[in-house]
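Trainee: Please find one structure pasted underneath; my questions will follow.
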Amino acid sequence: MSARSRDRAEEEEEERKEGLFEEEEDEDETSSASRMKPEPPEHQTIPNIPESVDDFLRNFLFRLGLKRTLSSFESEWYDSAQKVFSGTLPTPQSGVFFLPDASTHQKILRTELETICRETELLRMEVLTAGENLTRMQRERNFHRLQHRRVTDDKNQLKKDLKHLKEHLKSYEPAMKQLEDKHQAALRQKMLLSLQKDRVSNTTEVKENQEKAPEKKSPVKIKHPKDSEFPVYSRMVKLQVDQVMSEPEKSLRSFSLQRSIKAHQLPISCIDLHPKEMMLVSVSDDCRWRMWRLETGEKVAEMMLTGEGHSDWLSGCSFHPDGTKLATTSGDMTVRLWDFSLGCCVLTFFGHSQPAWSCSFHSSGHFLASCSSDRTTKLWDLNSQRCRLTLRRHDASVNSVHFLSSSNFLLTASADKTVALWDARLAVCTAVFTGHRHPCSHATSNMATNVVASCDSGGVVNFWDFRNPAKPLATVDVGPMGANQVAFSQSGRALAVASGDGLVRLVEVESCKVTSLDGHRDGVQSVKFDHKGATVMSAGSDGRINIWS
1 MSARSRDRAE EEEEERKEGL FEEEEDEDET SSASRMKPEP PEHQTIPNIP
51 ESVDDFLRNF LFRLGLKRTL SSFESEWYDS AQKVFSGTLP TPQSGVFFLP
101 DASTHQKILR TELETICRET ELLRMEVLTA GENLTRMQRE RNFHRLQHRR
151 VTDDKNQLKK DLKHLKEHLK SYEPAMKQLE DKHQAALRQK MLLSLQKDRV
201 SNTTEVKENQ EKAPEKKSPV KIKHPKDSEF PVYSRMVKLQ VDQVMSEPEK
251 SLRSFSLQRS IKAHQLPISC IDLHPKEMML VSVSDDCRWR MWRLETGEKV
301 AEMMLTGEGH SDWLSGCSFH PDGTKLATTS GDMTVRLWDF SLGCCVLTFF
351 GHSQPAWSCS FHSSGHFLAS CSSDRTTKLW DLNSQRCRLT LRRHDASVNS
401 VHFLSSSNFL LTASADKTVA LWDARLAVCT AVFTGHRHPC SHATSNMATN
451 VVASCDSGGV VNFWDFRNPA KPLATVDVGP MGANQVAFSQ SGRALAVASG
501 DGLVRLVEVE SCKVTSLDGH RDGVQSVKFD HKGATVMSAG SDGRINIWS
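Quick note on the UniProt record's numbering: the sequence shown kicks off at 1 and runs consecutively.
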């Protein structure tokens, strides 16, 4: 083959390859175009118009010089955009609407930015305030922690000191007990010597008066011109005791309610019996006292006298030994003396700093003892009209005071759970009865025996021998309610107890047998035996006086 023919064949081959390549490229372009071109939807919607389209239309109209068309386009566009965003132009249901241009969108963003800035400023101020509060609270917390640590250290130190003091005090207990025993023994011995000396001097004085003619007496030295002197008692008291002991007494189970008197509208605090007649005095929370005549056989009691003068409730009363006067105590912190013949208060004693609870006359009638919540017992002289003694020993309120019959000894019962025996002449405490577990309400004694009875708010009654106060002779529980007052019969064989549960309980002293009398509607506050031990009188918070015989 010639060279010319070969060149011709090569050109044809190249043309054929180029044709095939172009056909392949056309096919690829056709297939890619067919793949890239989407099928138009049946209902094509434009969700929004980009902001660049607006700029394109403006630039296009500006280049062509269509100024009126451009002005019309801009006015219509801004009006529609403002209506859409102000809510006056309803949005089509298809969702097609026109977005604002860059200026309007910038205003919206500026408004949102200002709102966010204001909220950010408010949050910043709140954060600053919270930070300041947190700092202040942390400082207070640190201060209180320091105070707590200081108080804890002081508390621990006090505990250590208290423990050390208790150990130190415990080492002194044997010596204190020994000294207390010696003190009590010396007081008892001194009391017995004083009694023997009084009896001997009284007997000698009586004999001298009988043998010799009356002579001029030597002057007696006294501190106050009108002060009274305590009398000296002889063995005549023993004869009276023996006489009373020989009197028969009825059985406690035979008592029954005979009469009931509505004496006061308010609760009755205390009652007391006339030393010679069947007359009874009652004191009440209504600030009055009333005297009743209780004759045998009468169904209705007669009110004889009444008295008013205290500014607060009355708590206690006591007849004068001659029966012509009455002493009362009250919550107004005063003690008053009433004269029946004059029908009024003749003397008022001021001295207690808290309510006075009880009073008791000395057998001579010249002295009156009273006790109070101020933890003291005062002895008043009726002749000099002043306080002769103030007895202090109890650690709590003194709830009752009682003069032993025909003696210079005084019994006091206190809320500190103790009963004390005092020598009024020497102004010393001669014995302390310890054994109650609850505050003591009342204590009394009997002229026929050496027995002392005391009761407490737990309903326990203890019997004591005042010559041996270390241990009670017997204990009777009349609870669960408290025992408010106790009273011996004249023979000392029976004891009446006023209970807070509305019952009057009668206790046989020898056997400690208990009999209950039911007749009050509320707690019983006071009880008394008559002169023969055949009648029991009780008064309570229901304002009634019941007579049992």
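The beta-carbon is built from N, C-alpha and C at its ideal position, and this holds for glycine as well.
May I ask you to report which of helix, strand or coil DSSP gives K69?
Mentor: It is Thr, not Lys, that sits at residue 69 in the sequence shown. Three-state DSSP puts T69 in a helix.
Trainee: Inspect the beta-carbon positions of G307 and R290 and report whether they are closer than 9 Å.
Mentor: Yes.
Trainee: Are the CB atoms of D522 and S541 nearer to each other than 9 Å?
Mentor: Contact: yes.
Trainee: So, for N408: in the same chain, excluding its five sequence neighbours on each side, which residues have a beta-carbon less than 6 Å away from its beta-carbon?
Mentor: Hits under 6 Å: F230, A424, R425.
Trainee: Determine, using beta-carbon pairs with one atom in the stretch 253–265 and one in the stretch 313–320, whether at least three such pairs fall under 8 Å.
Mentor: Verdict: no, contact absent.
Trainee: For the beta strand (DSSP E) that R386 lies in, which residues bound it at each end?
Mentor: R386 -> beta strand (DSSP E) spans 386–392.
Trainee: Using the DSSP secondary-structure output, state which residues sit across from H436 in a beta bridge.
Mentor: Beta-bridge pairing links H436 to no other residue.
Trainee: Quick one: Cα of H168 to Cα of F529, how far?
Mentor: Each residue's Cα considered, the two are about 51 Å apart.
Trainee: Let's see if you can read the secondary structure: which residues bound the beta strand (DSSP E) around Q525?
Mentor: Where Q525 is concerned, the enclosing beta strand (DSSP E) stretches over 524–529.
Trainee: Is the CB-CB distance between V281 and L326 below 9 Å?
Mentor: Against a cut-off of 9 Å, the Cβ pair of L326 and V281 comes out as a contact.
Trainee: Quick check: does the Cβ of F361 come within less than 8 Å of any heavy atom belonging to the ligand GTP?
Mentor: You won't find the ligand GTP in this model; it holds no ligand whatsoever.
Trainee: Would DSSP call V346 helix, strand or coil?
Mentor: Reduced to three states, the DSSP call for V346 is strand.
Trainee: Check each candidate in V486, L266, Q525 and name the one with the smallest Cα separation from E508.
Mentor: Answer by Cα proximity: V486.
Trainee: Look at the alpha carbon of A498 and the alpha carbon of S526, and state the distance between them as a whole number of angstroms.
Mentor: Using only the alpha carbons, I get a separation of about 6 Å.
Trainee: If you compare alpha carbons, which of K471, G459, G533, R467 is closest to V524?
Mentor: Looking at the Cα atoms, G459 is the closest of the given residues.
Trainee: Using a Cβ-Cβ cutoff of less than 6 Å, which residues in the same chain neighbour H438 once the five nearest sequence positions on both sides are dropped?
Mentor: Result list for H438: D456, S457, G458, in chain order.
Trainee: Measure the beta-carbon distance from V476 to C440 and round it to whole angstroms, keeping in mind my assumption that it falls under 8 Å.
Mentor: Between C440 and V476 the Cβ distance is about 15 Å, and since that is not below 8 Å, they are no contact.
Trainee: Below 9 Å between beta carbons: does that hold for L404 and S454?
Mentor: Contact: no.
Trainee: Under 6 Å Cβ to Cβ from H394, same chain only, skipping five residues before and after it: list those, please.
Mentor: Around H394: R375, S414, D416.
Trainee: Since I believe P472 is in contact with F463 (beta carbons under 8 Å), could you give me their beta-carbon distance rounded to a whole number of angstroms?
Mentor: Contact flag correct, Cβ pair sits at about 6 Å.
Trainee: Classify E302 as helix, strand or coil using the three-state DSSP reduction.
Mentor: If DSSP states are grouped into helix, strand and coil, E302 belongs with the strands.
Trainee: So is I116 buried or exposed if we call it buried at 16+ other beta carbons inside 10 Å?
Mentor: Exposed, by the Cβ-count rule.
Trainee: Starting from T334, follow its DSSP beta bridges and name the residues at the other end.
Mentor: DSSP, once it has assigned bridges, lists F350 as partnering T334.
Trainee: So who's on the other strand from I545, going by DSSP bridges?
Mentor: According to DSSP, I545 bridges with I261, A539.
Trainee: Quick check on the DSSP output: the beta strand (DSSP E) that includes W292 runs from which residue to which?
Mentor: Residues 288–293.
Trainee: Can you tell me the Cα-Cα spacing of L382 and T329, whole angstroms?
Mentor: Their backbone Cα atoms lie some 15 Å apart in a straight line.
Trainee: Spatial neighbours of K389 within its chain, please: CB distance less than 6 Å, with the 5 preceding and 5 following residues excluded, ordered by chain position.
Mentor: Strictly speaking, residue 389 in this sequence is Leu, with Lys absent from that position. Taken in chain order, the residues that qualify are L379, A427.
Trainee: Can you tell which of V452, S373, Q354, H366 has its C-alpha closest to the C-alpha of H402?
Mentor: Selected option, being the one with the closest Cα: V452.
Trainee: Using only CA atoms, which one of E510, G492, V127, W548 lies nearest to S516?
Mentor: Ranking E510, G492, V127, W548 by Cα distance to S516 puts W548 first.
Trainee: Count the other CB atoms, across all protein chains shown, that sit within 10 Å of the CB of T418; report buried if there are 16 or more and exposed otherwise.
Mentor: Buried.
Trainee: Going by CA-CA distance only, name the one from D54, L61, G331, I545 that's closest to A301.
Mentor: Of the listed residues, the one whose Cα sits closest to A301 is I545.
Trainee: Since I believe L294 is in contact with M278 (beta carbons under 8 Å), could you give me their beta-carbon distance rounded to a whole number of angstroms?
Mentor: With 8 Å as the limit, M278 and L294 qualify as a contact, their Cβ atoms being about 4 Å apart.
Trainee: Output the boundary residues of the beta strand (DSSP E) element that contains R505.
Mentor: Counting along the chain, the beta strand (DSSP E) containing R505 begins and ends at 503–508.
Trainee: Might you give, ordered along the chain, the residues of its own chain that have their beta carbon closer than 7 Å to the beta carbon of G500, omitting 5 neighbours on each side?
Mentor: So the qualifying residues of the chain are M481, G482, N484, G523.
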